[in-house]
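> Residue numbering for the sequence shown follows full-length UniProt numbering, starting at 1 and increasing by one per position. Glycine included, C-beta positions come from ideal geometry on N, C-alpha and C.
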Amino acid sequence: MADAAVYFKGEAPVKALYIKKSDSLPPYKRINDASSSSDVADAKRAKPDEESSDLPDSKRTKIDESLNDDDLEAAGKSEHQTSDNRTKKRFDKKDKRGMNKKREVQHLSDASNLCPHWEDCPRVKDGRPCKNGHDLAEYLKTKPADAPGTCYLYETFGFCQYGFRCRWAGSHVDVATEKNLVNEPLDASIQAAGPRTLNVTSKATMVAVRKRQTPTPKSKEYIDIILPQYQNQRQEPVAASNGTSSSAAVVDKREDTILEDEPVDAKEMPDLAGPTTSPQNEDVKVDQDMNDVELPLRPEERKQLDWKNKLYLAPLTTVGNLPFRRIAKKMGADITCGEMALAQQLVSGHAPEWALLKRHVSEDFFGVQIAASSVQSATGVAEIVSRDLNVDFIDLNCGCPIDLVTRQGAGSQLLERSSKLSDIVRGMVFASTVPITIKLRTGWSAKNSVAHKLATRFKLWGVSAATLHGRSREQRYTKLADWDYIHKTARDAMQTAPDFPVFGNGDIMSFEDYHQHYELEAVEGRGLAGVMIARGALIKPWIFTEIKERRTWDISARERLDIFSDFAKYALEHWGSDTMGVSMARRYLCEWQSFTHRYVPSGLLEVLPQRLNDRVPPIWGRDETETLLASPNSEDWVKVTELFLGKPAADFKFIPKHKANSVEQDQG
1 MADAAVYFKG EAPVKALYIK KSDSLPPYKR INDASSSSDV ADAKRAKPDE ESSDLPDSKR
61 TKIDESLNDD DLEAAGKSEH QTSDNRTKKR FDKKDKRGMN KKREVQHLSD ASNLCPHWED
121 CPRVKDGRPC KNGHDLAEYL KTKPADAPGT CYLYETFGFC QYGFRCRWAG SHVDVATEKN
181 LVNEPLDASI QAAGPRTLNV TSKATMVAVR KRQTPTPKSK EYIDIILPQY QNQRQEPVAA
241 SNGTSSSAAV VDKREDTILE DEPVDAKEMP DLAGPTTSPQ NEDVKVDQDM NDVELPLRPE
301 ERKQLDWKNK LYLAPLTTVG NLPFRRIAKK MGADITCGEM ALAQQLVSGH APEWALLKRH
361 VSEDFFGVQI AASSVQSATG VAEIVSRDLN VDFIDLNCGC PIDLVTRQGA GSQLLERSSK
421 LSDIVRGMVF ASTVPITIKL RTGWSAKNSV AHKLATRFKL WGVSAATLHG RSREQRYTKL
481 ADWDYIHKTA RDAMQTAPDF PVFGNGDIMS FEDYHQHYEL EAVEGRGLAG VMIARGALIK
541 PWIFTEIKER RTWDISARER LDIFSDFAKY ALEHWGSDTM GVSMARRYLC EWQSFTHRYV
601 PSGLLEVLPQ RLNDRVPPIW GRDETETLLA SPNSEDWVKV TELFLGKPAA DFKFIPKHKA
661 NSVEQDQG
């Protein structure tokens, strides 16, 4: 008789057969090896199982949702450890907890990098120094052997722009003639179809933006003329009711609200503003005097978008890159949005930030997200992006919880400053020719929710849609998302503007979650336009397929590898097939696996569906590949990348964000 599985609160209900223990064999080996069952039984008699689930209730560790995976792994340890051992283990664990905040990201390149224009370098012709090499023979002596397989770029597009620098150069170079080959018919057809990647910003454009040479007349008009009028409207009613001057009224008002109401100097408005922590006064209220006058929206200048019943892939920092968004689109996502870009970095002409705004032609409903703390940067970026780039909407981030952003007065810090939020949003709406949307959290703290108050004002400000993540800033990603509050906010917004679309976000990881939180509520007229999916899409990008086909997909390990293979191809197209491009592709595939390894195949579960916040115990898969894909060890993630990108360089090392994945795991 098979062992019965015993689950801790908050643990995924994995069948006992697939739970990995120190003395257990994989199920596929037990089936194939007739002697395996007796061997396991002998091993159990020889050594008590440290992971035994037959523990008294007093010894079962209550799962605290604020703990990380390392804390949770302490559950179920033997009672026979001494106090000293327990203390030592606790301090050993401390070193493995948390995030690798100071991790170095490698960008590997060839030791003797060959100039892309080695045959006819313009810098050399002009007598200027070039940091790259131009001797092909010398370069080929030091270049590592090609990776196995053929060049995806050459096979797909008929031309590989990386030439001899490509890691699969043998597919398309002639060493004897020193020529990079071109499949002319295929290349011509690709060129005729037009560019596949849009919003590629030139260096000259970024320099012009940095030097303030790019015209932004709408932004200037708003800051110089319209913004002061809004600020005066906020001050005058308070001054009249108190019988004081406008300047005194601002001081008085500051005493009973944490929201920023100070007059803004249009010429010297700081970009880094705001407290670094939550203000002490929790009596949060939305300023009722700041939105009496509605901004002219000029709808004929804006693209009308259909938001209803759409599946929205969340803008995801680092892992929400263009290759991943292509995977999501292939799996059924309707709306995609670029990674969060900092407005101040954009107006400074920072190239990596502008790269976040790129769009693939397959993204037919696409927006970009910016985080801003000043009116100047927000309105300027909105005007430039909407005018010069190909986007369907611009999203303002009011939900990012990380300190780096909130200390600058951006992200979720704007929830505490509704006057500044109003100024920024109205300015973006005025300056932009595409719809402006907002993504926000419930508030700064769980006890102080303000989203339902703000949502009733969004339509007056000119916002086209909003997405509410059902957690506060202080909650980050712990505890469950508050869907009751999400629905309340949507209902409140509907009372003000019946056609205003609100998306819900939080803990959607299956068709059942979607049905519970959206479909059932939509029947009751709760007001949600759709759902946004974030971590659920990272862990299992086929969730969009499951929702649209209304089924649970017991996807095979082979099918999951095919998805990784597609990502690797898209990554080579996006970052390049030279050494640096392959290194980038490998790194981001590893970053993605830090989420995908948490997926438990539905055939391994006692009860469906898997919940997003359930801790996953160490598991065996149904075959070796499935076991490999479930490994939390970052070294195994690198092994998976070798299937598509070849072996990494000897000095390549992937350091995951979380320390728990940096150490070698006991494989039993």
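Indicate whether the contact test is met: 3 or more Cβ pairs, each with one atom in the region 546-564 and one in the region 622-642, closer than 8 angstroms.
Contact holds: three or more Cβ-Cβ distances are below 8 angstroms.
> Between residue 492 and residue 438, is the Cβ-Cβ spacing less than 8 angstroms?
Taking 8 angstroms as the Cβ cut-off, residue 492 and residue 438 do not qualify as a contacting pair.
> Let me know the secondary structure DSSP gives residue 11 once reduced to three states.
If DSSP states are grouped into helix, strand and coil, residue 11 belongs with the strands.
> So residue 20 and residue 620 are in contact, right, with Cβ under 8 angstroms, and what is the actual spacing, rounded?
Their Cβ separation, rounded to whole angstroms, is 5 angstroms, which keeps residue 20 and residue 620 in contact under 8 angstroms.
> Roughly how many angstroms separate the alpha carbons of residue 467 and residue 130, rounded to a whole number?
The straight-line gap from Cα to Cα measures roughly 48 angstroms.
> Jot down the residue ranges of each uninterrupted alpha helix (DSSP H) in the region 431-499, minimum 4 residues, whole runs only, in chain order.
Listed in chain order, the complete alpha helix (DSSP H) runs (minimum 4 residues) inside the region 431-499 are 451-461, 483-496.
> Relative to the C-alpha of residue 27, which candidate in 587, 648, 625 has its C-alpha closest?
Nearest option by C-alpha distance: 625.
> Entirely within the region 510-572 and at least 4 residues each: give me those alpha helix (DSSP H) ranges in chain order.
The region 510-572 contains these whole alpha helix (DSSP H) runs: 511-514, 520-523, 535-539, 543-549.
> Could you tell me which of 537, 499, 214 sits nearest to residue 513, measuring between CA atoms?
When only C-alpha atoms are compared, the closest one is 537.
> Compare the beta carbon distance of residue 656 and residue 634 with 8 angstroms and say whether it is the shorter of the two.
Yes, Cβ-Cβ distance for residue 656 and residue 634 is below 8 angstroms.
> Given that a residue counts as buried once 16 or more other Cβ atoms are within 10 Å of its Cβ, and exposed if not, what is residue 175?
Exposed, because fewer than 16 other Cβ atoms sit within 10 Å of the Cβ of residue 175.
> Would residue 544 and residue 311 qualify as a contact pair, given that the criterion is a beta-carbon distance under 8 angstroms?
Contact flag set, yes.
> Which of helix, strand or coil does DSSP assign to residue 341?
Three-state result, residue 341: strand.
> Can you look up residue 180 in the DSSP assignment and give me helix, strand or coil?
Of the three classes helix, strand and coil, the one that applies to residue 180 here is strand, per DSSP.
> What did DSSP end up calling residue 309 once you bin it into helix, strand or coil?
Three-state result, residue 309: coil.
> For residue 155, tell me which candidate among 168, 219, 363, 147 has the shortest Cα-Cα distance.
The shortest C-alpha separation from residue 155 is found at 168.
> Which partner residues does residue 398 have in the DSSP bridge list?
Its beta-bridge partners are 440.
> Since residue 369 sits in a beta bridge, which residues does DSSP pair it with?
According to DSSP, residue 369 bridges with 395.
> Determine the extent of the alpha helix (DSSP H) in which residue 600 is found, giving its start and end residues.
Here residue 600 belongs to no alpha helix (DSSP H), and DSSP marks it neither H nor E.
> So, for residue 585: in the same chain, excluding its five sequence neighbours on each side, which residues have a beta-carbon less than 7 angstroms away from its beta-carbon?
Excluding positions up to five away in sequence, the list reads 568, 571, 572, 575, 645.
> Would you please state the rounded distance, in angstroms, between the beta carbons of residue 442 and residue 419? I believe it to be under 8 angstroms.
Rounded, the Cβ-Cβ distance is 20 angstroms, inconsistent with contact.
> Kindly indicate which residue of 490, 541, 217, 484 has the alpha-carbon position closest to the one of residue 516.
Nearest of 490, 541, 217, 484 to residue 516, Cα basis: 484.
> Please report how far the alpha carbon of residue 197 lies from the alpha carbon of residue 383, in whole angstroms.
Cα to Cα, the separation comes out at about 21 angstroms.
> Going straight from the alpha carbon of residue 366 to that of residue 599, what length do you get?
Near 27 angstroms, if we compare the C-alpha coordinates of residue 599 and residue 366.
> How many Å lie between residue 182 and residue 614 at the Cα?
Those two C-alpha atoms are separated by around 51 angstroms.
> If contact is defined by three or more beta carbon pairs under 8 angstroms, each pair taking one atom from either stretch, is the region 424-436 in contact with the region 446-455?
Verdict: no, contact absent.
> Counting Cβ pairs closer than 8 angstroms, one from the region 550-559 and one from the region 306-324, do we hit at least three?
Counting Cβ pairs under 8 angstroms, fewer than three are found: no touch.
> Please state the DSSP three-state secondary structure of residue 649.
Three-state result, residue 649: coil.
> Pop quiz: residue 610 and residue 12 are said to be a contact at Cβ under 8 angstroms. What is the actual Cβ separation, rounded to whole angstroms?
Yes, they are in contact, since the Cβ atoms of residue 610 and residue 12 sit about 6 angstroms apart, within 8 angstroms.
> Does the Cβ of residue 306 have 16 or more other Cβ atoms within 10 Å, making it buried, or fewer, making it exposed?
It counts as exposed.
> Rounding to the nearest angstrom, what Cα-Cα distance links residue 46 and residue 24 in this structure?
Legend: pLDDT at residue 46 = 41, less than 50; position of this residue unreliable, value from coordinates given subsequently. Roughly 13 angstroms separates the two Cα atoms.
> How should residue 546 be labelled, buried or exposed, when 16 other C-beta atoms within 10 angstroms of its C-beta is the threshold for buried?
Buried, since its Cβ has 16 or more Cβ neighbours within 10 Å.
> For residue 671, which residues of its own chain have a beta-carbon under 6 angstroms away from its beta-carbon, when the five flanking residues on both sides are left out?
Nothing about residue 671 can be read from this structure; the chain reaches only from 1 to 668.
> Going by DSSP, what residue range makes up the alpha helix (DSSP H) through residue 324?
322-331 is the extent of the alpha helix (DSSP H) around residue 324.
> Taking the continuous alpha helix (DSSP H) assigned at residue 375, which residues delimit it?
Segment 375-388, the alpha helix (DSSP H) holding residue 375.
> Between residue 389 and residue 199, which are expected to be in contact by the criterion C-beta below 8 angstroms, what is the C-beta distance as a whole number of angstroms?
Their Cβ separation, rounded to whole angstroms, is 5 angstroms, which keeps residue 389 and residue 199 in contact under 8 angstroms.
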